[in-house]
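Q: This structure is in structure tokens; I'll ask about it shortly.
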Amino acid sequence: GDSVTQTEGLVTLTKGLPVMLNCTYQTTYSPFLFWYVQHLNEAPKLLLKSSTDNKRTEHQGFYATLHKSSSSFHLQKSSVQLSDSALYFCALEGRGNYKYVFGAGTRLKVIA
Amino acid sequence: DMKVTQMPRYLIKRMGENVLLECGQDMSHETMYWYRQDPGLGLQLIYISYDVDSNSEGDIPKGYRVSRKKREHFSLILDSAKTNQTSVYFCASRPGGANTGQLYFGEGSKLTVL
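Protein chains in written order, with my numbering: chain F, 1 to 112; chain H, 1001 to 1114.
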């Protein structure tokens, strides 16, 4: 079945530095990938989404490019802020059944 | 205003008691979900509902059942709760159609089973 892998459980960075959170996936369908962000004690919210190969998508300073050749959808930001501290989930929508598969999540901690 | 509302937000139950978690949405979305969130495991799908009385098991349905009698309302029921069902439960909804993507999440219901 479909699966999503996020390799980092915790990433700690000093503000102003760049970040890349890894996401790889497996599916037999045409992929539709998402990044959700969850701040402490809040609901997950959509950050980015894409189903277009090799096209960069951006929102709130974050960006990601879906690469079907490597089954990846890594999340990046050029300069992290304290307010970016949150839990980030990569998710894959299974085609035809509207079932989403989530990765385990990566906690980003930004320190001053 | 697009909103998914969950009740109750916090709940403490004893093992063996029944639990009812309720979810409502005001967007007329056909598809609704129940997930549980545990540290290191991400969000795990319990049940998906494609519309009224059209429910399908997710990845971890054991110990849970659902009810959807109105499009805007989706309930999660735990008959005889167990301590390993202590978790944060999220309801979500999705607009219809392909490539419309995103889930809209409620704020979660934190359940503790003693």
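Ideal placement from N, C-alpha and C gives every residue a C-beta, glycine not left out.
Looking at the strands, I want to know which residues DSSP matches up with residue 1046 of chain H.
A: Partner(s): none; residue 1046 of chain H has no beta bridge.
Q: In terms of residue numbering, what span does the beta strand (DSSP E) encompassing residue 1038 of chain H cover?
A: Here the beta strand (DSSP E) through residue 1038 of chain H covers 1031–1038.
Q: Could you please give the first and the last residue of the uninterrupted beta strand (DSSP E) stretch that includes residue 32 of chain F?
A: Run containing residue 32 of chain F: none; DSSP gives neither H nor E here.
Q: Please classify residue 18 of chain F as buried or exposed, where buried requires at least 16 other C-beta atoms within 10 Å of its C-beta.
A: Burial call: exposed.
Q: Can you pull the chain H residues whose beta carbon is under 7 Å from the beta carbon of residue 105 of chain F, in chain order?
A: Those are 1042, listed as they occur along chain H.
Q: Applying a beta-carbon distance threshold of less than 8 Å, which residues of chain H neighbour residue 93 of chain F?
A: Result: 1101.
Q: Less than 8 Å between the beta carbons of residue 1077 of chain H and residue 1066 of chain H, yes or no?
A: In this structure, residue 1066 of chain H lies closer than 8 Å to residue 1077 of chain H by Cβ.
Q: Mind pulling the chain F residues with CB within less than 7 Å of residue 1076 of chain H?
A: Within 7 Å Cβ-Cβ: nothing; residue 1076 of chain H doesn't reach chain F, min ~16 Å.
Q: Buried or exposed: which applies to residue 1029 of chain H, given that a residue is buried once 16 or more other Cβ atoms fall within 10 Å of its Cβ?
A: Label assigned to residue 1029 of chain H: buried.
Q: Residues of chain C with CB under 9 Å from residue 99 of chain F, in chain order?
A: In the structure shown, chain C cannot be found, because the protein chains are F and H.
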